[in-house]
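Enquirer: Residue numbers for the sequence shown follow my numbering, beginning at 8 and rising by one.
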Amino acid sequence: MQHTPPITSALLAALSTQAGPLGARAAAGYLRDRGFDVSESTVSRLLRELDDQGLTQPLGKKGRVLTEEGRRSAANLLLDSRRSASFAKALNLRDVQDLVDHLAGRRGIEREAARAAALRAQPEEIAQLRSMMETTGSGRWQERLGFHRAIGHASHNKQIQAVTSTLFDERLDPLEHLLILIGIKQEALVRWDKEHRDIVSSISERDPDGAERLMVVHLDGMIRDTEHFANSGNAHVIHALLAEIEPA
Ligand SMILES: [Zn+2]
């Protein structure tokens with residue numbers, strides 16, 4: 008069940024916590040208690056859809072129970088929602104230490120992303136990375152985040168892709184604004200851009216060791232710049248800007 012609507016997930020959760028069969032009226036009450044504005048007839052229709060998908064089956068006139076397949080789906084949806092809640096929690100950065108931890112986590116993932124991209128990137132992906140390096144003018148900060156996102160994608164390692172696509176979620180764009188502010192104040196932007204170009208060169212030259220090493224240098228530098236900025240009396244600036252970011 009991909010892209011399960013929240014109301015359907017909640018309905019499956021209701022059925023899975025139920026010892027016996029669940030009727031449409033009781034299910035509608037359960038959903039309304041959880042903030043869904045829903046009528047009994049809508050719930051009846053949703054339940055018939057679940058029947059059609061083989062996830063529920065009627066039990067006499069008392070209501071419905073989950074099938075074996077339905078129990079599996081309900082359990083998977085619960086795991087999915089726990090997983091996204093734990094990512095949202097991790098991305099809810101509050102102070103300088105959270106931000107430094109975030110960059111250190113990126114360093115661990117992105118060194119592998121850069122290494123894998125040097126081995127696996129398609130020629131058109133390398134061309135795209137190169138053309139990103141040539142873009143100038145305002146709005147460049149978007150390309151910076153896009154650069155890291157593109158390398159994650161070009162790793163062609165689905166484990167890395169799953170993590171990097173979450174780390175570079177567009178809801179975290181305000182975080183990129185904060186990093187750019189730090190880069191400006193620490194006069195590091197020119198250096199960061201050069202490091203991006205060097206990483207792209209290593210990937211183009213199919214040099215995994217070089218790409219990995221340069222990505223570590225790049226993230227190490229960003230961590231150092233962030234710490235210097237915070238330690239020069241600017242921790243409150245970081246805290247104020249982080250407070251404005253609502254990742255979930
Ligand atoms: Zn960068």
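Every residue gets a Cβ at the ideal spot worked out from N, C-alpha and C, and that includes glycine.
#1: What ranges does the beta strand (DSSP E) occupy inside the stretch 24 to 98, keeping only unbroken runs of at least 3 residues that lie completely in it?
#2: Look up S162 in the DSSP assignment and say whether it is helix, strand or coil.
#3: Quick one: what's got a C-beta closer than 7 Å to I189's C-beta in the same chain, skipping five residues either side?
#4: How far does the alpha helix (DSSP H) with A121 in it extend, from its first residue to its last?
#5: Quick one: what does DSSP say A237 is sitting in, helix, strand or coil?
#6: So what's D176 in DSSP terms, helix, strand or just coil?
#7: What is the rounded straight-line gap between the Cα of M139 and the Cα of L53?
#8: Near A161, which residues of its chain fall below 6 Å by C-beta distance, leaving aside the five closest residues on each side in sequence?
#9: Around the Cβ of Q104, are there at least 16 other Cβ atoms within 10 angstroms (buried) or fewer (exposed)?
#10: Within 10 angstroms of the Cβ of T171, are there 16 or more other Cβ atoms? Answer buried if so, exposed if not.
#11: Tell me, to the nearest whole angstrom, how far the beta carbon of T74 is from that of L62; I am working on the premise that it is less than 8 Å.
#12: The alpha helix (DSSP H) that contains Q193, what's its start and end?
#13: Relative to the alpha-carbon of L66, which residue among S46, P28 and R39 has its alpha-carbon at the smallest distance?
#14: With a cut-off of 8 Å on the beta carbons, I'd call R113 and L174 a contact; round off their distance for me.
Expert: According to the structure data:
#1: 63 to 66 and 70 to 73
#2: coil
#3: D232, T233 and F236
#4: Looking at the DSSP string, the run of the alpha helix (DSSP H) that includes A121 is V103 to R127.
#5: helix
#6: coil
#7: Their backbone Cα atoms lie some 47 Å apart in a straight line.
#8: A124, A128 and E132
#9: exposed
#10: With 16 or more other Cβ atoms from the protein chains shown falling within 10 Å of its own Cβ, T171 counts as buried.
#11: 6 Å
#12: From DSSP, Q193 is part of no alpha helix (DSSP H); its letter is neither H nor E.
#13: P28
#14: Indeed they touch by this definition, with Cβ atoms about 6 Å apart.
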